[in-house]
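**Q** Structure in structure tokens, see below.
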């Protein structure tokens with residue numbers, strides 16, 4: 001099962017030969033999202049989870065990585 005934190009932190013792998021992401025990877029992730037939503041729609045409840053400690057903003061979100069990639073910056 002996915003958590004909101006899983007969805008927030010998920011990072012797709014950029015493709016090598018064109019702009020964008022691996023379509024199969026995106027489809028697989030969305031399949032997991034659909035499976036989780038169906039579970040909740042049928043009355044499922046999330047299990048107990050350890051609290052995630054707050055993380056300082058890393059400035060390494062998808063938008064920042066995409067911007068650096070489009071500029072042609074070296075990967076970090």
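Residue numbers (full-length UniProt numbering): 1 to 76. Even for Gly, the Cβ is constructed at its ideal location relative to N, Cα and C. Since the model is a prediction, treat every value here as computed from it, not as a measurement.
1. For residue 1, I'd like the list of residues in its chain whose CB is within less than 6 Å of its CB, leaving aside the five on either flank, ordered along the chain.
2. Measure how close the beta-carbons of residue 8 and residue 25 come, nearest whole angstrom, since I'm counting them as under 8 Å.
3. Ignoring anything shorter than 4 residues, give me the alpha helix (DSSP H) runs that lie fully in the UniProt region "Disordered" (1 to 23), in order along the chain.
4. Helix, strand or coil: how does DSSP classify residue 45 here?
5. By alpha-carbon positions, which one of 17, 11, 73 and 65 ends up nearest to residue 28?
**A** In short:
1. By 1-based counting over the chain shown, the position of residue 1 is 1. Excluding sequence neighbours, residue 1 sits near 36.
2. Stepping through the chain shown from its first residue, residue 8 is reached at position 8. Stepping through the chain shown from its first residue, residue 25 is reached at position 25. Not a contact, Cβ separation roughly 17 Å.
3. DSSP runs (the alpha helix (DSSP H)) wholly in the UniProt region "Disordered" (1 to 23): 4 to 9.
4. Along the chain shown, read from residue 1 onward, the residue named residue 45 stands at position 45. Coil, per DSSP.
5. Here the question's residue 28 lines up with position 28 in the chain shown. Checking every option, the nearest Cα to that of residue 28 belongs to 11.
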